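Quick mapping for you: the protein sequence lines, in order, are chains E and H.
Per my numbering, the first sequence starts with residue 1, numbered consecutively.
Per my numbering, the second sequence starts with residue 1001, numbered consecutively.
All C-beta atoms in this analysis are idealised placements derived from N, C-alpha and C, irrespective of residue type, glycine included.
Note that the coordinates shown come from a computational prediction; the quantities given were computed from them, not determined experimentally.
Working notes, beginning with the structure itself.
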Amino acid sequence: MQCSPGSQSVLDAGGFERLLALLRSDGFVLVGPIARDGAIQLSAITGIEDLPRGVGDEQSPGRYRLRPREDDALFGWAVPSQPWKKQFLPSRLDLVHIRRKGSALEVEPAAAEANPIAIIGARPCEVAAMRVQDGVLRDGPHPDSDYAARREAAFVLAVNCGTPSGTCFCVSMDTGPRAKAGFDLAATELMEPNHRFLIEVGSDAGARVLERVAATPATDGDIAAAADLVAGAAQKMGRALDNKGLTERLLGNLEHPRWDDVAERCVGCGNCTLACPTCFCTNVEDSSNLGGDVATRTRTWDSCFALDFAYIHGGSVRPTLRARYRQWLTHKLATWVEQFGTSGCVGCGRCITWCPVGIDLTVEAGAVGEARG
Amino acid sequence: MGRARLAVWKFASCDGCQLSLLDCEDELLDIAGAVDIVHFLEASSHVEPGPYDLSIVEGSVTTPKDAARIQHVREVSKAVVTIGACATAGGIQALRNFADHAEMMRAVYANPQYIETLATSTPIAAHIPVDFELRGCPIDKGQLLQVIGAFLLGRKPPIRSHSTCMECKARGNVCVTVAHGTPCLGPVTHAGCGALCPTYHRGCYGCFGPSDAARPAALVRDLLERGVERPELYRLLSNFNAAAEPFRTEAERHDGQD
Ligand code: SF4
Ligand code: SF4
Ligand code: SF4
């Protein structure tokens, strides 16, 4: 059938498998969700048999557990333990090697990855997060060429949400539970009366692939069932964040006693930032071999919770945990808007679930932003 | 500049950290090409007198003799780098610091009158100025090579002192505390091991000692809420870096409690 952006069609499980196989034969490395070590994780996959069949998740502040589902859904969980960020912004990347050749220096840029990846099953909030990172790392005045190249080469198959977790709040951030833009294809997984996927085309690349899979046109019933599923998900948000005037409320309360309170509970471990799909901070470190004739410059993930992150001559400008937590929260939810034109938060809930002491950004932002009595 | 002269010294320790240097099989030729190792008893009985450009010190000070010997090491060395939990924090043997030393000796030795030791096990930096402390029990050999290389070139070693959690996340691990309920010291432990234990589904034991901004009290509050018992918390904080602050103060709060 003819496909174009906006058109909707249906694939059964076999059709979904054909779609994955086609992407592979087109040269994409498939990266998708798998259940391992007690969590949904992202991994290279070969096909539908690797996906987490009949598995759901439970998430609350500082706690994550898998649970069996009553059906055989492949995407019946909320968000994986870690975001897709690593695919585009690797945790460690050599940028350049410099070799001493006699009295000259030979500069050799580190090689880029070869195979483009196909993202299988990014959630709507995660697709939104990719666009937030695009704004920072690709579309701004100082594009990161490695990020841009990886992003350009990638194919994005989004999967809309039916079962949000206890820490999800995409509805508050207007990023889900249905993906609106930023994907090549977006699927909604339907279980009744038979297992199938409603597929929406989001780009020409998506249309070209789908045309080759022999999808059937979507019926009104399919479209209504998918709409019901995401509408139900929107009712099941585990958390909410009151965005109204949030920037002013946070920035107007920089001396609120709640900052001291959260600084007593926070361990400063940095998990929240590294689990966040939009946090983009990196460090650049230099290393050399023992002979001193080869030097390598490497980019690594960093975090505003690290004490030396804000180290400038003479010391750290944020020596206290109060200052570091406040920097993180106000950047995410307030100054990000000024800086990049969007919120730095897409409501995925990872910083809440994966905080080892269960600090909840929606609660902290709410407490700081509340009128003081 | 001539070739740098390197010395390796042992104090109270298990030799595991020095062994990391010998364990650098692929890099041994590079090391031998870059420096003259002129004092390294674990590798060779051939010893040349000082001065030395770089002294690498393993182990803690536990005897009056060693307290004097470390002064000598400082005098004959341009730079001193201490390696491992013993040299940087006193090691597991620092558990004696919190017990009755004389009674311990009586319990262990048939004839304690022949034993001449100090009542405490202390890090090298408690005795002499140290140029760099490399953490770990044992240290990571890749980090050791970076430190040696950095000292040869006169620049800062690229060693970070943030939490182990950051390495854990960078590695893509599933957090054992959040997903399995396993107590883990990663949030308060100095990075360097690459989050080895969580990678194999165990909690971090704190081998690299406290991170630069460690706040064990906040972590412990949460672990108590998760049902971890105080004796277990005490044991967790009283391992190879038992004497390092703030691990020590936090451990003491749970000593003998239940
Ligand atoms: S701040 Fe927290 S909820 Fe928001 S996008 Fe980052 S990890 Fe997700
Ligand atoms: S908020 Fe939680 S995850 Fe973030 S630094 Fe503090 S303790 Fe770690
Ligand atoms: S497993 Fe341990 S080191 Fe890893 S994130 Fe969890 S608390 Fe931190």
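Say yes only if the C-beta of residue i is nearer than 7 Å to one or more non-hydrogen atoms of ligand 1, and no if none qualify.
{"i": "Leu361(E)", "result": "yes"}
{"i": "Pro277(E)", "result": "yes"}
{"i": "Val346(E)", "result": "yes"}
{"i": "Lys1078(H)", "result": "no"}
{"i": "Gly6(E)", "result": "no"}
{"i": "Lys85(E)", "result": "no"}
{"i": "Cys355(E)", "result": "no"}
{"i": "Gly349(E)", "result": "yes"}
{"i": "Ala240(E)", "result": "no"}
{"i": "Ala129(E)", "result": "yes"}
{"i": "Lys332(E)", "result": "yes"}
Given 7 Å as the limit, tell me if residue i has its C-beta closer than that to any heavy atom belonging to ligand 3.
{"i": "Asn253(E)", "result": "no"}
{"i": "Gly1203(H)", "result": "yes"}
{"i": "Lys1169(H)", "result": "yes"}
{"i": "Thr273(E)", "result": "no"}
{"i": "Gly1050(H)", "result": "no"}
{"i": "Cys1175(H)", "result": "yes"}
{"i": "Cys266(E)", "result": "no"}
{"i": "Cys1086(H)", "result": "no"}
{"i": "Ala1186(H)", "result": "Here residue 1186(H) is Gly; the residue named in the question, Ala, does not match the sequence. Checking the Cβ of Gly1186(H) against ligand 3 gives yes."}
{"i": "Cys1165(H)", "result": "yes"}
Span of the alpha helix (DSSP H) holding residue i?
{"i": "Gly162(E)", "result": "Segment: none, Gly162(E) is in no alpha helix (DSSP H) and carries neither H nor E."}
{"i": "Phe340(E)", "result": "Trp336 to Phe340"}
{"i": "Ala153(E)", "result": "Ser145 to Ala153"}
{"i": "Lys1078(H)", "result": "Premise fails: Lys1078(H) lies in the beta strand (DSSP E), Ser1077 to Ile1083, not in any alpha helix (DSSP H)."}
{"i": "Glu1229(H)", "result": "Element bounds for Glu1229(H): n/a, residue is neither H nor E."}
{"i": "Gln1143(H)", "result": "Lys1141 to Leu1153"}
{"i": "Arg1106(H)", "result": "His1101 to Val1108"}
{"i": "Arg1253(H)", "result": "Phe1247 to His1254"}
{"i": "Ile352(E)", "result": "Arg350 to Thr353"}
{"i": "Met173(E)", "result": "Cys170 to Met173"}
{"i": "Lys85(E)", "result": "Lys85 to Phe88"}
{"i": "His1180(H)", "result": "Val1176 to His1180"}
Which stretch, first to last residue, makes up the beta strand (DSSP E) that contains residue i?
{"i": "Lys101(E)", "result": "Arg92 to Lys101"}
{"i": "Pro109(E)", "result": "Ala104 to Pro109"}
{"i": "Val31(E)", "result": "Val29 to Arg36"}
{"i": "Ala186(E)", "result": "Leu185 to Leu190"}
{"i": "Leu22(E)", "result": "That residue, Leu22(E), is in no beta strand (DSSP E); its alpha helix (DSSP H) goes Ala13 to Ser25."}
{"i": "Pro68(E)", "result": "Arg63 to Pro68"}
{"i": "Asp1260(H)", "result": "The requested residue 1260(H) is not part of the displayed model; chain H covers only 1001 to 1258."}
{"i": "Gly121(E)", "result": "Ile117 to Ala122"}
{"i": "Ala44(E)", "result": "Ala39 to Ala44"}
{"i": "Phe1132(H)", "result": "Phe1132 to Leu1134"}
{"i": "Gly56(E)", "result": "Val55 to Ser60"}
{"i": "Glu1058(H)", "result": "Tyr1052 to Glu1058"}
Given 7 Å as the limit, tell me if residue i has its C-beta closer than that to any heavy atom belonging to ligand 2.
{"i": "Pro1064(H)", "result": "no"}
{"i": "Cys1193(H)", "result": "no"}
{"i": "Asn1097(H)", "result": "no"}
{"i": "Cys269(E)", "result": "yes"}
{"i": "Pro1198(H)", "result": "no"}
{"i": "Gly340(E)", "result": "The sequence as given places Phe at residue 340(E); Gly does not occur at that position. Not under cutoff, so the answer is no."}
{"i": "Phe280(E)", "result": "no"}
{"i": "Phe309(E)", "result": "no"}
{"i": "Phe75(E)", "result": "no"}
{"i": "Phe1040(H)", "result": "no"}
Assuming the contact rule is C-beta atoms closer than 8 Å, residue i and residue j should be a hit. Round their C-beta distance to whole Å, please.
{"i": "Leu241(E)", "j": "Ala365(E)", "result": "6 Å"}
{"i": "Thr1182(H)", "j": "Val1176(H)", "result": "4 Å"}
{"i": "Cys3(E)", "j": "Glu211(E)", "result": "5 Å"}
{"i": "Arg178(E)", "j": "Val230(E)", "result": "4 Å"}
{"i": "Gly976(H)", "j": "Ala1089(H)", "result": "The question about residue 976(H) has no answer here: the residues shown for chain H are numbered 1001 through 1258."}
{"i": "Ala226(E)", "j": "Leu198(E)", "result": "4 Å"}
{"i": "Val267(E)", "j": "Val1188(H)", "result": "6 Å"}
{"i": "Leu246(E)", "j": "Gly344(E)", "result": "No, Leu246(E) and Gly344(E) are not in contact; Cβ-Cβ is about 12 Å, not under 8 Å."}
{"i": "Leu321(E)", "j": "Ala275(E)", "result": "That pair is no contact at about 18 Å."}
Based on the DSSP output, what are the partners of residue i in its beta bridges?
{"i": "Gly315(E)", "result": "Ile312(E)"}
{"i": "Leu198(E)", "result": "Val10(E) and Thr188(E)"}
{"i": "Asn283(E)", "result": "Thr300(E)"}
{"i": "Arg1005(H)", "result": "Asp1036(H)"}
{"i": "Leu290(E)", "result": "According to DSSP, which records beta bridges pairwise, Leu290(E) is partnered with nothing at all."}
{"i": "His1190(H)", "result": "Ser1163(H)"}
{"i": "Pro1210(H)", "result": "Thr1189(H)"}
{"i": "Ala158(E)", "result": "Ala122(E) and Ala186(E)"}
Check: Taking a cut of 9 Å between CB atoms, which residues from the segment 302-315 of chain E lie near chain A?
Finding: Considering every chain present, this structure includes no chain A. Its protein chains are E and H.
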